[in-house]
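First up is the structure itself, then whatever we jot down about it.
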Amino acid sequence: NPVELFGPVRYFWDAQVYHTEIDKVVAENLKKGMSPKDAENAVPLRLRFYDYVGNSPAKGGLFRGGPMNNGDGIGIGWLGRPVFKDKEGRDLKVMHLNTLYESQPVVLVDKDNIPRADIPFQRSESQYSFEQTGVSVTFVGGKLDGQTFDDTAQVKKYARSAQKGQMIEFNTDNIGGGAKADGIFRTSTRGWFVLAHGVFALLFFFGHIWHGARTLFLDVFTGVDPTRQEEEFEYGTFKKLGDKTTRREEATS
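First residue of the sequence shown? That's 8 in the numbering used here, and the numbers climb one at a time after it.
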């Protein structure tokens with residue numbers, strides 16, 4: 008299908024299509040009597056991988072050549088679903104990174120979408136820092152299943168990762184040929200497709216403007232006064248080009 012061939016489109020990330028589908032699959036698994044761990048692990052890894060911001064072509068560095076692996080690395084596993092809690096016992100979720108922003112604060116909201124914790128840009132004005140709100144994280148399913156972390160530095164690390172969607176583990180040290188991933192997003196082939204068509208559209212648009220203008224304003228471009236007769240510039244009509252008093256007499260036999 009197109010997603011398998013070319014990757015997701017930007018819409019899938021903006022609308023959280025895959026994230027919603029993952030929650031739906033997990034809910035159905037729980038209804039079947041599966042444990043939370045098994046319900047999470049039963050979700051296809053490909054579906055989880057698509058719910059990752061690196062797969063949004065809008066986040067890719069379009070003019071940074073090479074495959075996505077050069078930026079992210081090679082996906083080797085899924086760490087699990089992170090469940091964040093503050094010291095009040097509220098379940099928190101990390102707001103996904105916005106497509107239009109290259110950087111944004113890590114913000115955690117409760118079930119009512121009320122911000123309860125964040126990693127602010129300016130710590131001096133912070134009111135909801137992890138240190139102040141006592142955020143911890145517990146993993147369900149995946150490689151870190153059942154593990155809880157309350158060390159602030161580690162919790163921040165996982166929160167930053169959760170901001171990018173599913174927490175995928177990447178091999179960045181060896182992506183083939185001894186090369187290392189540089190951590191810079193690449194776009195998918197969909198991004199190149201959009202760029203090429205955008206360039207062609209602009210060329211066609213300005214091409215029509217140009218050719219329309221050169222037709223309408225031909226006299227301006229050629230420097231010829233449209234009120235003057237064509238014969239004035241016809242070679243051989245006048246002895247002195249443009250001088251009507253020097254009309255050349257036709258020879259009579």
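Beta carbons: idealized from backbone N, C-alpha and C, even for Gly.
Item	Value
Rounded distance between the beta-carbons of residue 10 and residue 32, thought under 8 Å	Actually they are not in contact, since the Cβ atoms of residue 32 and residue 10 sit about 16 Å apart, beyond 8 Å.
Burial state of residue 194 (16 or more Cβ within 10 Å)	buried
Buried or exposed (CB count within 10 angstroms, at least 16 for buried), residue 233	exposed
CB of residue 149 within 8 Å of CB of residue 61, strictly	no
Candidates 215, 75 and 103, of which the one nearest residue 178 by Cα	75
Residue 124 in three-state terms, based on DSSP	strand
Beta-carbon proximity list for residue 46, same chain, < 7 Å, skipping 5 on both sides	33, 36 and 37
Limits of the unbroken alpha helix (DSSP H) element including residue 55	52-57
6 Å Cβ shell around residue 169 - same chain, five flanking residues per side excluded	89 and 101
Best match in 138, 65 and 158 for proximity to residue 105 [C-alpha to C-alpha]	65
Residue environment, residue 220, which counts as buried when at least 16 other CB atoms sit within 10 Å	exposed
Residues near residue 80 in its chain [Cβ-Cβ closer than 7 Å; skip 5 each side]	177, 178, 179, 182 and 188
Endpoints, the beta strand (DSSP E) within which residue 192 is located	Careful: residue 192 lies outside any beta strand (DSSP E) and carries neither H nor E.
Beta-carbon contacts of residue 25 that lie in its chain and below 7 Å, excluding the five residues immediately before and after	19, 54, 57 and 58
6 Å Cβ shell around residue 144 - same chain, five flanking residues per side excluded	89, 91, 156, 162 and 165
Nearest-angstrom beta carbon gap, residue 190 and residue 78 [assumed within contact, 8 Å]	6 Å
Nearest residue (CA-CA) to residue 82, options 152, 212 and 173	173
Cα-Cα separation, residue 116 to residue 94	14 Å
Pick from 97, 137 and 107 that is closest to residue 118, judged by C-alpha positions	97
Residue 133 - containing beta strand (DSSP E), residue span	Counting along the chain, residue 133 falls outside any beta strand (DSSP E), and DSSP gives it neither H nor E.
Classification of residue 4 by the beta-carbon crowding that lies within 10 angstroms, buried from 16 upward	This structure cannot speak to residue 4, because the chain is shown only from 8 to 260.
Simplified DSSP assignment, three categories, for residue 77	helix
Distance, residue 48 Cα to residue 140 Cα	30 Å
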